[in-house]
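Chains as they are written, first to last, in this note's numbering: chain A, 7 to 339; chain B, 7 to 339. Where is the CB? At the ideal position from N, CA and C, for every residue including glycine. Structure record follows, encoded as structure tokens.
There are 2 protein chains.
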Amino acid sequence: MATIKDIANKLGIAVSTVSKGLNGASDISDEMRQLVLDTAVEMGYASKKMRTSKTRKVCIFIENMDYENVEQFGYEIIVGFKLSAARRHWDVSVVPTNLNMQTQEKYDTYMLKNGYSGAFLLGFELHDDWVKQLGKTTVPTVLLDNYIERNTHVGYVGTDSEEGIDLAVDHLVSLGHTKIALLNGSKNSMVSAQRHQAFVNSMRKHGLEPEEKLMAYGYYVPDCAKDHVPGFLENGATAIMCASDLIASGAITEVVKHGLKVPDDVSVVGFDDLPIASQFSPSITTIRQDRIDLGKSAFLLLDGLIHDVTTSKLLLRAKFIQRDSTGPVKNRD
Amino acid sequence: MATIKDIANKLGIAVSTVSKGLNGASDISDEMRQLVLDTAVEMGYASKKMRTSKTRKVCIFIENMDYENVEQFGYEIIVGFKLSAARRHWDVSVVPTNLNMQTQEKYDTYMLKNGYSGAFLLGFELHDDWVKQLGKTTVPTVLLDNYIERNTHVGYVGTDSEEGIDLAVDHLVSLGHTKIALLNGSKNSMVSAQRHQAFVNSMRKHGLEPEEKLMAYGYYVPDCAKDHVPGFLENGATAIMCASDLIASGAITEVVKHGLKVPDDVSVVGFDDLPIASQFSPSITTIRQDRIDLGKSAFLLLDGLIHDVTTSKLLLRAKFIQRDSTGPVKNRD
């Protein structure tokens, strides 16, 4: 692995200048600092420094996800992560990111510059610059709901959607539903593809053929329901499985707008078990993701990667929670 | 959850008798003790006692797997598990099992009687009595290479075979091989099914159609090679992927017996990276499973299950290790 001397030799500058660049000293130019950092990353110096660093600092990067209060998806994940980190005496910074930040600086360079030993990435999408760079990063990194092939420095944590969706389909089929629709999350995410496949598999396992007209991708906001629910109803759906409780709340609103009742005419299932699921009227039958445990597991996985335990995937069980938004099928014709 | 009083009421006996049965006192009959234990398990008392137990005891059950010395597959897994357990101050017992032991006593009863808070099961097969009981156990349990559906008390730890096999197929295809055979492990194991599927997927990804005549199930011993390798060679295989290094060593011996050379005429790939892989002549190209990390991860997962973190699956990265048993394809016709 590269030493400070190797970097100095490569750039033809003094070892002391390299050291200043790496340690954030103020008496060198920004351009020189950037050059030193980029070269260090390129030569594989990053991971060495991170592993030997005495300041135990990791960070959570967060994008496209609300986390400021307990009603929101990211909140408990961060709490869980911080709980586990605190027990092992690690400092955690929460850093909101955006595409702009990712364009300005490479992921590895950012990590080296800021002295983080590893990171947990929440809410990133497949086309994000940093996600694309993760195939080659040497920085211990854990992603929620995203999997990077063939890089032993990167791990994936999530909930077993396959089992969760199968439990929900089981429930709906036992209530007599056969025309079941799927209102999925964003198309640019691995977890949406997984859930789509899980839904198709589970329907077939139950002897039902999933219909193209009853499956759609949306976004993780209630509003997306109005683009798809009318079509589902037109095509005879008696039940709608949604990729989040927020989407489910939107779907219920939309069903009601069409003069139909939930669950008397149409059953709706959510995903996540956010506080809104139990508070909504009717309360929402859902597939629970334990977000505290997701956060705790993400830290354990990251701690492992920092110490060379090359975990690839960690999946938590999904739990099915029955509430009032699902009921026996009623033929609407 | 059931209390000692509930058990006493159900059986119509004194609380003190139940207590004696649960705590192994000698002044009650064996039949009564068994009745108390079975009833306690049936009423869900087990998990409560286990969770509140002050003696921190877990065990490793081992079957169909060698683990006595460092050359063998189970050895480092147990070392890794014990390392992680010791750090958290848990006692670990290693208990060899067999079908007879499993027929004599139910899994939950055995665990309750012996005061274990959880267990790690190594080398079990799908048809084992205890594995069949795991769908309903309330005892925190981790399985190597076996997955139990829909029970939040049970977790699965293993290596990502899919990625490992894909890396090996990549390597063979880059050497010009197209007639690639798969000599799998035992048919009664989930991991064999996974590897079969991974091989089929990877071949197709590389534009090759896997041939039925070039795929077979064997056992995890070198000897199984002689039942299948002759057929593979007859059907034109230029490379053989094996489900373990031991099988690979047998395959190499068999290829040589047919007057062919490894890797000049036929390439052979192993799995696991046991010591034999680097010691054999030629040294064996293989897919490494980090067994120390498997053991460590199994303990972490079990510790989580004992504390209600319902992890479902934890997979480690497989690492491809190139040695001397693989080389460029040579047309044997």
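| Check | Outcome |
| --- | --- |
| Beta carbon of V85/A nearer than 7 Å to that of L181/A | no |
| L188/A to M209/B span [Cα, whole Å] | 32 Å |
| Residue burial classification, L28/A (beta-carbon count within 10 angstroms, cutoff 16) | buried |
| T184/A versus K142/B - alpha carbon distance | 29 Å |
| Beta-carbon neighbours of K319/B, restricted to chain A and to distances below 8 Å | D166, K319, L320 and L321 |
| Where V261/B falls, given that 16 or more other Cβ within 10 Å makes a residue buried | buried |
| Residues within the region 82-98 of chain A neighbouring chain B, beta-carbon criterion of under 8 Å | none |
| Straight-line Cα distance separating T244/A from I186/A | 6 Å |
| Validate contact between the region 283-297 of chain A and the region 157-175 of chain A using beta carbons, cut 8 Å, 3 pairs | yes |
| Residue from F326/B, P216/B, L311/B and Q328/B with nearest C-alpha to L320/B | L311/B |
| Residue closest to G256/A, alpha-carbon to alpha-carbon, out of D314/A, G213/A, G191/A and P216/A | G191/A |
| Inter-residue CB distance, F67/A and L127/A (contact presumed, cutoff 8 Å) | 5 Å |
| Contact under 7 Å by Cβ, V272/B with P288/B | no |
| Among A92/B, I19/B, N120/B and D134/B, nearest to V101/B - alpha-carbon criterion | N120/B |
| Counted within 10 angstroms of its Cβ, other Cβ atoms place S32/B as buried (16 or more) or exposed | exposed |
| Among G265/A, S198/A and L140/A, nearest to D114/A - alpha-carbon criterion | L140/A |
| Under 8 Å by beta carbon: chain B residues contacting T316/A | D296, D299, L322, R323 and K325 |
| Neighbour flag for T292/B against chain A, beta carbons, 7 Å | no |
| Cβ pair P146/B, G170/B closer than 7 Å | no |
| Residues that S208/B contacts on chain A, provided the C-beta gap is smaller than 7 Å | Those within 7 Å of S208/B in chain A number zero; the least Cβ separation is about 12 Å. |
| Inside the region 219-271 of chain A only - alpha helix (DSSP H) runs reaching at least 4 residues | 231-240 and 251-263 |
| Close-in-space but distant-in-sequence residues of the same chain around T109/B (CB under 8 Å, 5 per side omitted) | D135 |
| Near-chain A residues of the region 137-156 of chain B - C-beta to any C-beta below 8 Å | E155 and R156 |
| Nearest-angstrom Cβ-Cβ length linking A254/B and G224/B, presumed shorter than 8 Å | Not really, about 11 Å apart at Cβ, beyond 8 Å. |
| Proximity of S25/A and I13/A at Cβ, strictly below 7 Å | no |
| DSSP state of D309/A mapped onto helix, strand, coil | helix |
| Spatial distance of R329/A from M71/B (CA atoms) | 46 Å |
| Contact set between S273/B and chain A, taken where Cβ atoms lie within less than 9 Å | Under the 9 Å cutoff, chain A gives no residues; its nearest Cβ is about 21 Å from S273/B. |
| Three-state class that DSSP yields for S273/A in the structure shown | strand |
| Contact under 7 Å by Cβ, S318/B with L322/A | yes |
| Test: T158/A CB closer than 7 Å to a CB of chain B | yes |
| Delimiting residues of the alpha helix (DSSP H) encompassing K109/A | According to the sequence provided, residue 109/A is Thr. The question's Lys does not apply to it. Note, T109/A: alpha helix (DSSP H), L105 to Q110. |
| Neighbour list for L306/A in chain B, Cβ cutoff strictly below 7 Å | L306 |
| Proximal residues of chain A, C-beta to C-beta of E169/B below 9 Å | E155, R156 and S318 |
| Same chain only: Cβ atoms within 8 Å of G129/B, ignoring 5 sequence neighbours per side | I68, E69, N70, M71, G80 and L150 |
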